[in-house]
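Input: a single structure, listed below in structure tokens.
Residue numbers (the numbering used here): 32 to 186.
Shown next, in the form of structure tokens:
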């Protein structure tokens, strides 16, 4: 089954300013909103709002309470509804968003891996590397090297 990350169009709104950390808040919101457009898991408006919130705030510490408060649901109801309607656990979705953004930054910037991990919400770089390797089968640096020598449509 193809994930939403794999189905996203190439070149989503991440400008060089965004990648270099010189973006304005508005540029960042616009770039991440472009990423949100690829979700399309559900037509359930509150869940669409949660998905957009996750993408816009993925570099922050996201808690179940903060997500539930953002749409006015209880934590338990949000988890259950998200799993039933989207077919994926809420925190698995958060991980997919973060790793998808990390892949984009690794392909399109020369930012060091530890900066990429921080930009996508991982406080611990070694944890990010383990998660990345588990999800993609290669380390972030190996992914960057493979992406540098490959056809852009492959990544």
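Glycine included, every Cβ here is placed at the ideal spot set by N, Cα and C.
Kindly indicate the opening and closing residues of the alpha helix (DSSP H) around residue 82.
The count along the chain shown starts at 1 and reaches residue 82 at position 51. Run containing residue 82: 76-87, per the alpha helix (DSSP H) assignment.
Residue of 85, 97, 111 and 156 minimising C-alpha distance to residue 124
On the chain shown, residue 124 is found 93 positions in, with the first residue counted as 1. Of 85, 97, 111 and 156, the residue nearest in Cα terms is 85.
Residue environment, residue 168, which counts as buried when at least 16 other CB atoms sit within 10 Å:
By 1-based counting over the chain shown, the position of residue 168 is 137. When all chains shown are included, residue 168 counts as exposed.
For residue 130 and residue 114, the rounded distance between their alpha carbons:
In the chain shown, the residue the question calls residue 114 occupies position 83. In the chain shown, the residue the question calls residue 130 occupies position 99. Rounded to the nearest angstrom, the two C-alpha atoms are 20 angstroms apart.
I need the DSSP call for residue 125, collapsed to helix, strand or coil.
As a position in the chain shown, residue 125 is number 94, starting the count at 1. Correct three-state label for residue 125: helix.
Run of the alpha helix (DSSP H) containing residue 144, from where it starts to where it stops
Taking the chain shown and counting its residues from 1, one reaches residue 144 at position 113. Unbroken alpha helix (DSSP H) run through residue 144: 144-150.
Alpha carbon to alpha carbon, how far is residue 142 from residue 82?
Residue mapping note: residue 142 aligns to position 111 of the chain shown, counting from 1. Residue mapping note: residue 82 aligns to position 51 of the chain shown, counting from 1. Roughly 26 angstroms separates the two Cα atoms.
Quick test of the definition: if touching needs 3 or more C-beta pairs under 8 angstroms, does the region 90-99 touch the region 142-162?
yes
Curious, which full-length alpha helix (DSSP H) runs of at least 4 residues does the region 89-140 contain?
95-102, 106-117 and 121-139
Span separating the alpha-carbon of residue 136 from that of residue 105:
The count along the chain shown starts at 1 and reaches residue 136 at position 105. The count along the chain shown starts at 1 and reaches residue 105 at position 74. Rounded to whole angstroms, residue 136 to residue 105 spans 34 angstroms at the Cα level.
Is residue 162 helix, strand or coil when you go by DSSP?
Here residue 162 is taken as the residue at index 131 of the chain shown, counted from 1. Of the three classes helix, strand and coil, the one that applies to residue 162 here is helix, per DSSP.
Give the range of the alpha helix (DSSP H) segment to which residue 174 is assigned.
One-based indexing of the chain shown puts residue 174 at position 143. 171-179 is the extent of the alpha helix (DSSP H) around residue 174.
Have a look at 128, 112, 139 and 140 and flag the residue whose alpha-carbon is nearest the alpha-carbon of residue 163.
Position 132 of the chain shown, counted from the start, is the residue given in the question as residue 163. Among 128, 112, 139 and 140, the Cα nearest to that of residue 163 belongs to 128.
If you compare alpha carbons, which of 80, 97, 146 and 173 is closest to residue 117?
Position 86 of the chain shown, counting from 1, holds the residue named residue 117. Cα-wise, what sits closest to residue 117 is 80.
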